[in-house]
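Novice: One structure, as structure tokens, below. Some questions next.
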Amino acid sequence: SATSVNNQEWNNVDNNKRIRSPNNTTSPRTKKTNEPSNFSSPNRYSLLDTNVDSMDLEVNAEINESPPPTPPPPPIFLTSPINFITLCKNLEQITKTEGFLCKSNSKNIKINLHSASSYRAAITLFNEHKLEYHTYQTHEEKSYRVVVRNLHHTIPTDYIKEEIEKHGFLVKNVTNILKSQTKEPLPLFFVDLNPSPNNKDIFNINNICFTKVKFEAPHIRRDLVQCHRCQQYGHTKTYCNHLPKCVRCGENHTSDQCSKSKNLLAKCALCSKAHPANYRGCTVYKDLQRFRKKQQPTTISRLITENSDTPQVQPISQPPPGTSHSFNAPARSLNEPIDTQHLSFSQAVKGNNLNKLKSSHINDPPSDQLLTSQLTTFISEFKTLISPL
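Our numbering numbers the first residue of the sequence shown as -16 and each following residue consecutively.
This is the structure:
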């Protein structure tokens, strides 16, 4: 009843929710300060690290301080008939402890010296004894040559030299390039710079003499170099001490001193035939070009030589006559009838091309039935081999 329900006691349920703290607390908040910690752990490997860094600096300093190796001087080719023992004694007095090396052939003696001072002393010795020889330009004297484009040919070379030197380069010589056949001046100039580590920066210049220019590396010469003093190939007149030969008459004088008329036939100083010594049809020039091509392999042969370790592709052996290309099936006979069911309409109605169709089906691959029979035979033979095991 209602009275019984009202007489029941009420039970309070405990609330498990935590009591929320008030917003305004009496204790003020403490600010975090970045105070250093009293505890510090030392690095036990710090001494090793400093030693390694100092060692690296010492090694790098030694590497940077070491000068680049100087290249040896060029060889000297001596052609005068001399006594070899006397030559070696004279060279020993010049070189002292440095030494030298010689190599002889039927035409000359090649002398290799090991220092620039010995090289210059040997040149002085040969000049004093009036010996015939030729050599090449030393590395110290070799200039850095570039080509400048788009400059008008009427600009004086001295003015071009001054303009380039304003950019911090040491210019040795400036030469206008002429057309080979007509000797017409071109808007190109050779610029020779003295050896310097900043010579490559000249390619960054794009404006001199009120002209937009472009500096380029010169093209590599492919033809043989000929001396204008002795008319021989392989060196230049600047480093030649051979007897002079005229390019027109072949006599022992320079070409500018020749008094022979141009109407008379020329005489080659190399082969004694009726042509000037610089004629490209000369037999001596052709022989040298032929020998040079043999010494220089072509691009294809060079690639084959470099990739000689790669396996070469073997040629596919052709099957013997009377056999097909797959499963060695026997070839069809010419008199064997052709299956016209697998032919197209045009092939079936063409009676004139029947022989062509027969010949085209001679080496056709085997049919599906033939392949099935061959596979069946192979499986049966394979089972007979396995069954005894």
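Ideal placement from N, C-alpha and C gives every residue a C-beta, glycine not left out.
Within 10 Å of its beta-carbon, does phenylalanine 67 have 16 or more other beta-carbons around it, so buried, or fewer, so exposed?
Specialist: Exposed, since its Cβ has fewer than 16 Cβ neighbours within 10 Å.
Novice: If contacts are defined as beta-carbon pairs under 8 angstroms, then alanine 249 and histidine 236 qualify, I think. What distance do you get, rounded to the angstrom?
Specialist: Rounded, the Cβ-Cβ distance is 15 angstroms, inconsistent with contact.
Novice: Looking only at its own chain, which residues have a Cβ that is under 8 angstroms from the Cβ of lysine 197, when we skip the five neighbours before and after it?
Specialist: Cβ neighbours of lysine 197 beyond the five flanking positions: Val131, Arg132, Asn133, Asn189.
Novice: Just tell me which of Gln164, Pro56, Ile203 has its CA closest to the CA of isoleucine 106.
Specialist: When only C-alpha atoms are compared, the closest one is Pro56.
Novice: Is asparagine 91 closer than 8 angstroms to threonine 69 when the C-beta atoms are compared?
Specialist: No. Outside cutoff.
Novice: Grab me the residues of threonine 121's own chain with a C-beta within less than 8 angstroms of its C-beta, minus the 5 sequence neighbours each way, in chain order.
Specialist: If we look at threonine 121 and ignore the five residues flanking it on each side, its Cβ neighbours are Pro56, Pro57, Ala99, Tyr102.
Novice: Nearest by alpha-carbon distance to lysine 245: which of Cys232, Ser255, Ala252, Leu253 is it?
Specialist: Taking only the C-alpha atoms, the option nearest lysine 245 is Cys232.
Novice: Excluding the 5 residues flanking serine 363 on each side, which residues of the same chain have their C-beta closer than 7 angstroms to its C-beta?
Specialist: Around serine 363: no qualifying Cβ.
Novice: Measure from the alpha carbon of asparagine 261 to the alpha carbon of each residue in Leu207, Lys277, Cys223, then state which is nearest.
Specialist: Comparing Cα-Cα distances from asparagine 261 to each of Leu207, Lys277, Cys223, the minimum goes to Leu207.
Novice: Whose CA, out of Glu146, Gly82, Ser356, Thr359, lies closest to the CA of isoleucine 191?
Specialist: Nearest option by C-alpha distance: Glu146.
Novice: Judging by CA-CA distance, which residue of Asn95, Ile138, Ala104 is the nearest neighbour of phenylalanine 193?
Specialist: Of the candidates Asn95, Ile138, Ala104, the one whose C-alpha sits nearest the C-alpha of phenylalanine 193 is Ile138.
Novice: What whole-angstrom Cβ distance do glutamine 215 and histidine 225 have, given they're in contact under 8 angstroms?
Specialist: Right, their Cβ atoms sit about 7 angstroms apart.
Novice: Please report the residue range of the alpha helix (DSSP H) in which tyrosine 142 lies.
Specialist: It spans 140 to 148 - the alpha helix (DSSP H) in which tyrosine 142 sits, taken as one unbroken run.
Novice: May I ask you to report which of helix, strand or coil DSSP gives valine 230?
Specialist: Here valine 230 sits in coil by DSSP.
Novice: Measuring straight from C-alpha to C-alpha, what distance separates lysine 149 and valine 157?
Specialist: If I take the Cα positions, the gap works out to 15 angstroms.
Novice: My assumption, with CB atoms under 8 angstroms, is that phenylalanine 172 sits in contact with asparagine 181. Please give the rounded CB distance.
Specialist: Not a contact, Cβ separation roughly 20 angstroms.
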